[in-house]
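In order, the protein sequences belong to chains A and B.
Under this note's numbering, the residue at position 252 of the first sequence is numbered 253, and the numbers go up by one with no gaps.
Under this note's numbering, the residue at position 95 of the second sequence is numbered 96, and the numbers go up by one with no gaps.
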Amino acid sequence: MREHLSGFAGRSGVYELLASLESDPRAAVDEGEVLKILEAADVVDAAGVLHELEARGLLMRVGNDVSLSTAGLKTVLLLEAVNGGDLQDVWRRLRYIAGYAGGQYSLVREGMTTGFFRSLVSNPSLGALYVCSPWINLSRQERRYLTTAVLRRQRVGPAPELFVITRPDDGFGTPRANLTPFEQLGAAVYLHPKLHAKLYMREPSMSGGYTMAIVGSQNLTRSKYIELGIRIEADSIIVKRLIGYFFDISHHSEELR
Amino acid sequence: MNDRGGDGGQSVGEMYSLSRDNFILDPLEDTDCFARDDIRTEQLAESLDVDLVTGMAPKRLMWGPYGGGKTHTLMRTMKELARLTKVHVVRIECPDLAKKSRFHDLYREGIMRELGQDFVIRLLEDAVHSVGLARREEMLDRVKAKVGSEELAKAAIRIIDPNFEELTLWRWISGVPLARTDLDDLGQTQDLTQAEAARLADLVITLGRLLREQKGETLVLVLDEMERLQAIGPETITTFVSGFTRLADPNQKFVSVLIGASAAVEDELVEVFGFHGPVASRLGADAKIEIRPLDDADVEKFIRGVIRYLRREGADVSAMMERARADTSEELDEAFFPLTEEAVLALKSRLAQIMTPREITIKMTRALGRAYRSGSSVIASEHIV
């Protein structure tokens, strides 16, 4: 009876080779180089193991080179998880192969919060806005975007709901005056002294439309630091879960009245 | 998150014997909770099943205001349907599309991405293997007869080559641009980026047919948040009309299509699914289902249903109510607890004209937080915002 793939993949050198090919930026690697990787992992019959990897569809030939197949990629990712790898990262990469439920995700490196506020005007169907940031200091431009979006919406229907969580004005947090633009527009404002999360979300009005969230490092201030965030678009399920999280934080905050 | 508020450092859920710290319902995770009495998901599922057993592929359009529970209804209905018959359900949320987006973008970024490489390639692989080995020309004829298209047959047949990288086939069929060498390898003259919408819809239908033949399952596409097609301009909207017209065709028997689209009123419904357009006319009047806002009486039923679902198993509600009487003089009813009856009335009075499950659960959640922060063992009318 032929050995199960799980048994074969557990043999000395197999994981090392697959992991090496997976992290190699080249699409294919010279056969001699592959044999060296196996030999470095103390594989006695390197050519035999290479042949077996090909026969099992984990590796494929590209001319004289050897490349990791989709099955090989799946195998190495699962082995990485078993070997204590970052499960979230493995899951993300596996989902890329399998097709994943969810929306569009992109990295945001610059203009995170300004881009978010600009979207309030460029995608106007605003029903609810959620801002969670330890420090808040809107730029004039951001304030204009916010006011325009809310007033524009008020002309055609109920005003959007605004929710803000920030740090209290205790000499270290957000000065009360910086919250005025939100308060003037009827926002519910919550204060939490230990807040560190940064989260910006928007939901559409009754007519539906644009849904977006940004989770990242940047406060709602004119940042001079190196920042990174992830923008989530068109994934109403994850946004709904983030809204639940937002309110969980608000439960442990003081409400500004 | 139990560092402040409440009683003795309890979490919100612990303090009110709830299984979580808020009342927000997750359309995918909380399908067991369906707190609306006015929508019978089991009847919806049965009507879909009737279509399926008679050889049809049911198509439905669910519309109503955002937050009204369309996604929840669709996913709950799918769960009920899966009990009745063999279905392969794929929920596709409409991506954010640019003004000049085409049906191809929905096909690539939505439909194919959610179907996934494994699902699609295995279907094609099984189809190729099912025709048996033969000389190349004869085998190509057999695969062509199986999949119904020469170009798909030419691409799919490459699977039998042990050195063929199936990712190339996946990239082609999922609508990604391909290099000339990859196209030559697949026996194609061009990739699918410029393909007609109806042709792309036909590829999806072919996958549905193969699934039916090979596994006896019906492919059900739940195309959700389709009001986002509102962003598409006049130059390319016709491609969506064309693609959806093909998918919604009554003679199309292999892919069931359930569409969810938000619209506060009927006239707001996105043009592609407008009641006088070609897609709607193919769906037929019975296939259009309005998910209405809740009426006054339904709000109370809804609140009761949510509380019943989120209440911790084994919670001693009588004892909790007894303790709560020390904190409030308002009326208590086990079905609404931890809300008082006055809190329910206050909540109803503060709802906007359109009462949706989203709005109600957010108001309940905000009131829950206020009660927790004040250390009250009950959510009273004073906590309702």
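C-beta atoms are modelled at their ideal positions from N, C-alpha and C, and glycine is treated no differently.
C-alpha distance - residue i paired with residue j, whole-angstrom precision
i	j	result
A/Ala-198	A/Phe-183	19 Å
B/Met-365	B/Asp-299	15 Å
A/Leu-19	B/Met-113	28 Å
A/Gly-73	B/Arg-305	51 Å
B/Val-271	B/Met-63	12 Å
B/Ala-347	B/Leu-333	14 Å
A/Leu-186	B/Gln-191	54 Å
A/Ile-239	B/Met-227	17 Å
B/Leu-193	B/Glu-110	13 Å
B/Val-13	B/Val-223	35 Å
A/Pro-161	B/Pro-59	37 Å
A/Pro-176	B/Leu-201	55 Å
B/Met-16	A/Gly-174	29 Å
B/Gln-118	B/Glu-214	19 Å
B/Asp-4	B/Gly-10	Here B/Asp-4 scores only 46 on pLDDT, less than 50, and its place in the model should not be relied on; the value that follows carries that caveat. Rounded to the nearest angstrom, the two C-alpha atoms are 6 Å apart.
B/Gly-261	B/Asp-268	16 Å
B/Val-177	B/Ala-265	36 Å
A/Val-30	A/Val-67	5 Å
B/Ala-196	B/Ala-281	24 Å
B/Phe-338	B/Glu-166	59 Å
B/His-89	B/Ala-336	37 Å
B/Phe-303	A/Glu-17	56 Å
A/Gly-58	A/Gly-209	46 Å
B/Ala-344	B/Glu-30	28 Å
B/Leu-212	B/Pro-96	25 Å
Enclosing alpha helix (DSSP H) for residue i [first to last residue]
i	result
A/Pro-161	Where A/Pro-161 is concerned, there is no enclosing alpha helix (DSSP H), given that its DSSP letter is neither H nor E.
B/Trp-173	167-174
B/Val-51	42-54
A/Gly-172	Counting along the chain, A/Gly-172 falls outside any alpha helix (DSSP H), and DSSP gives it neither H nor E.
B/Gly-306	297-311
A/Val-132	Segment 127-133 is the beta strand (DSSP E) holding A/Val-132; no alpha helix (DSSP H) there.
B/Leu-134	Element bounds for B/Leu-134: n/a, residue is neither H nor E.
B/Phe-276	Neither: B/Phe-276 is in no alpha helix (DSSP H) and is coded neither H nor E.
A/Gly-8	6-10
Burial state of residue i (16 or more Cβ within 10 Å)
i	result
B/Asp-185	exposed
B/His-130	exposed
A/Tyr-226	exposed
A/Ser-70	buried
A/Lys-195	exposed
B/Val-258	buried
A/Gly-217	buried
A/Trp-92	exposed
A/Arg-3	exposed
B/Lys-101	exposed
A/Ala-48	exposed
A/His-5	exposed
A/Gly-64	exposed
B/Val-180	Here residue 180 of chain B turns out to be Ala, not Val, going by the sequence shown. Result: exposed.
B/His-384	buried
Per DSSP, cross-strand counterpart(s) of residue i
i	result
A/Leu-108	A/Ile-231
A/Asp-31	A/Asp-66
B/Trp-64	B/Ala-262 and B/Glu-291
A/Met-213	A/Arg-203 and A/Glu-234
B/His-89	B/Leu-220
A/Tyr-246	Looking at the DSSP assignment, A/Tyr-246 forms no beta bridge with any residue, so it has no partner.
B/Leu-82	The partner list for B/Leu-82 (beta bridge, DSSP) is empty, contrary to what the question assumes.
A/Thr-167	A/Leu-192
B/Val-256	B/Leu-220
B/Glu-94	B/Asp-225
A/Leu-60	A/Leu-69
A/Ile-137	A/Leu-221
B/Ile-380	B/Leu-340
B/Leu-19	B/Arg-312
B/Leu-333	B/Thr-341
beta-carbon residue i near the ligand HEM non-hydrogen atom, thresh 6 Å
i	result
B/Pro-163	Of the ligands one can find in the structure shown there are none, so the ligand HEM has no counterpart to examine.
Supposed close pair residue i, residue j - CB separation, criterion 8 Å
i	j	result
A/Gly-14	A/Leu-36	A/Gly-14 to A/Leu-36, Cβ: 10 Å. No contact.
A/Gln-1	A/Ala-188	As shown, chain A starts at 2 and ends at 258. That puts residue 1 of chain A outside it, with no answer to give.
B/Arg-313	B/Leu-19	6 Å
B/Leu-187	B/Lys-155	7 Å
A/Phe-248	B/Asn-23	5 Å
B/Glu-218	B/Lys-87	4 Å
B/Ala-36	B/Glu-81	About 15 Å separates the two Cβ atoms, so there is no contact after all.
Range of the contiguous beta strand (DSSP E) that encloses residue i
i	result
B/Thr-219	219-225
A/Glu-256	255-257
A/Met-202	200-205
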